[in-house]
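Visitor:
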Ligand code: AMP
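Residue numbers (my numbering): 2 to 181.
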């Protein structure tokens, strides 16, 4: 079920633009104002719950850190497990890692080796607040495959469409709000 224009507006208007954060030229999309707005958060989460209830998911995997918030709420609503995809060095058990390129240098994401259970082929939805260049989410999707699970779709609250992050993604990409 798609969102009405009114519902999209409720979500969009709850997100705050912070110019020049964390550095000059970046417009940071601040979702703290979405989280503190119960009507906007419920509109978003009910939409995602309806979209994914028939996907036969086993897990929602959320990307560090804002993907943890939306991913956990969605996993709870769907009655499936939640798995954190973390920045390097945060997870305590044996991990599998994936490097990805930043504008300057590299970063790395990790999951626990047994995060998606013993059996291969668990059906996983990947979740984050925003896709920009797509580097972080592509690395996370690749990690899901490395530990033997299947990334069914990658879902974002926002997509900075002009950065074309969805191009070359190994899974279908769904974004609630496209931002030009
Ligand atoms: P990327 O790997 O370039 O797709 O960047 C995506 C990650 O960086 C996500 O975890 C986002 O939360 C964060 N991010 C990138 N650009 C922005 C932005 N303009 N506002 C808020 N978060 C951003």
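We put the CB at the ideal spot given by N, CA and C, even for glycine.
Can you find the residues in the same chain that come closer than 7 Å, C-beta to C-beta, to residue 144, ignoring five residues on each side of it along the sequence?
Guide: The residue you call residue 144 lines up with position 143 of the chain shown. Excluding residues within five positions, the ones whose Cβ falls inside 7 Å are 86, 97, 99, 110, 112.
Visitor: Name, in chain order, the residues that DSSP records as bridge partners for residue 124.
Guide: The residue you call residue 124 lines up with position 123 of the chain shown. DSSP output for residue 124 lists 151 as bridge partner(s).
Visitor: Looking at the structure shown, is residue 140 part of a helix, part of a strand, or coil, going by DSSP?
Guide: As a position in the chain shown, residue 140 is number 139, starting the count at 1. In the structure shown, residue 140 sits in a helix (DSSP, three-state: H, G or I).
Visitor: What does DSSP give as the partner residue(s) for residue 161 in the beta ladder?
Guide: To locate residue 161, count along the chain shown from 1; it is residue 160. Note: residue 161 sits in a beta bridge opposite 180.
Visitor: Measuring CB atoms only, is the region 49-68 touching the region 148-156, in the sense that at least three cross pairs come out at less than 8 Å?
Guide: By the Cβ rule, the region 49-68 counts as touching the region 148-156, because three or more pairs are nearer than 8 Å.
Visitor: Among 48, 13, 117, which residue has its Cα nearest to the Cα of residue 149?
Guide: What you label residue 149 is simply residue 148 of the chain shown in a count that begins at 1. When each option's Cα is compared against that of residue 149, the closest is 117.
Visitor: Rounded to whole angstroms, what's the CA-CA distance from residue 14 to residue 69? Just pull it up for me.
Guide: Reading the chain shown from its first residue, position 13 is the one you call residue 14. Reading the chain shown from its first residue, position 68 is the one you call residue 69. Each residue's alpha carbon lies about 22 Å from the other.
Visitor: Let me check understanding here. Comparing Cα to Cα, which of 29, 40, 52, 140 lies closest to residue 160?
Guide: Walking along the chain shown from the start, residue 160 turns up at place 159. Put simply, of 29, 40, 52, 140 the residue whose alpha carbon is nearest the alpha carbon of residue 160 is 29.
Visitor: Grouping DSSP H, G and I as helix and E and B as strand, with all else coil, what is residue 63?
Guide: As a working note, residue 63 is residue 62 in the chain shown. In the structure shown, residue 63 sits in a strand (DSSP, three-state: E or B).
Visitor: If distances are taken between C-alpha atoms only, which option among 12, 174, 128 comes closest to residue 66?
Guide: As a first step, residue 66 must be located in the chain shown, where it is residue number 65. The residue with the shortest Cα to Cα distance from residue 66 is 128.
Visitor: Which one of 25, 51, 52, 77 has the shortest CA to CA distance from residue 62?
Guide: By one-based count along the chain shown, residue 62 stands at place 61. With distances taken between Cα atoms, residue 62 lies closest to 77.
Visitor: Counting along the chain, where does the alpha helix (DSSP H) carrying residue 11 start and finish?
Guide: Start at 1 with the first residue of the chain shown, and residue 11 comes out as number 10. Where residue 11 is concerned, the enclosing alpha helix (DSSP H) stretches over 6-15.
Visitor: Tell me whether residue 29 counts as near ligand 1, meaning its Cβ is closer than 8 Å to at least one heavy atom of that ligand.
Guide: The residue you call residue 29 lines up with position 28 of the chain shown. Result yes, Cβ under 8 Å from ligand 1.
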